[in-house]
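In the numbering used here, the protein residues as written are 7 to 129.
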């Protein structure tokens, strides 16, 4: 099964956006090990919201685009990973190991990816 992990960090915490050399080393080792074991498919960090945009399509209304930064957001997505895991419990254990790498406060959301064969059959 594939699972998407998205980690949220405090947009205003400078430490979250300026990783120390030690953190980069720890994360690099963790990523390499997980990839070699076939757990990690891909993982990336993302820039702060000032380099982003938010596209909204309200029901029955025109699409709106808001350029970042997003003043109303305190916790924002700081990165993501796509992993292989036998089940949700294994994905949670991986996410706990991942979260332990961070010195700052972090929240990791785990969502199982919908596979094509899980979709209803189309006639």
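Where a beta carbon is used, it is the ideal one built from N, C-alpha and C, also for glycine.
These numbers were taken from a predicted model, which means no experiment stands behind them.
Residue 87 sits away from residue 127, with the two beta carbons spaced by 7 angstroms or more. Counting the other CB atoms within 10 Å of its CB gives residue 46 a total of 16 or more, which places it among the buried residues. Residue 11 is a Cβ neighbour of residue 114, given a cutoff of 7 angstroms.
Between the region 89-106 and the region 65-75, the count of Cβ pairs shorter than 8 angstroms is below three; the stretches do not touch. According to DSSP, residue 124 shares a beta bridge with no other residue. In the three-state DSSP reduction, residue 17 falls in the coil class, being neither helix nor strand. The DSSP-derived three-state label of residue 11 is strand.
Taking C-beta separations shorter than 6 angstroms and ignoring five residues to either side along the sequence, the partners of residue 75 in its chain run 55 and 56, following chain order.
Taking 3 residues as the shortest admissible run, the region 10-98 contains the following complete beta strand (DSSP E) segments, listed from N- to C-terminal end: 46-51, 59-62, 70-73 and 81-90. For residue 106, the secondary structure class from DSSP, reduced to helix, strand or coil, is helix. For residue 81, the CB contacts under 8 angstroms within the same chain, skipping 5 residues up- and downstream, are 14, 15, 16, 17 and 113 in chain order.
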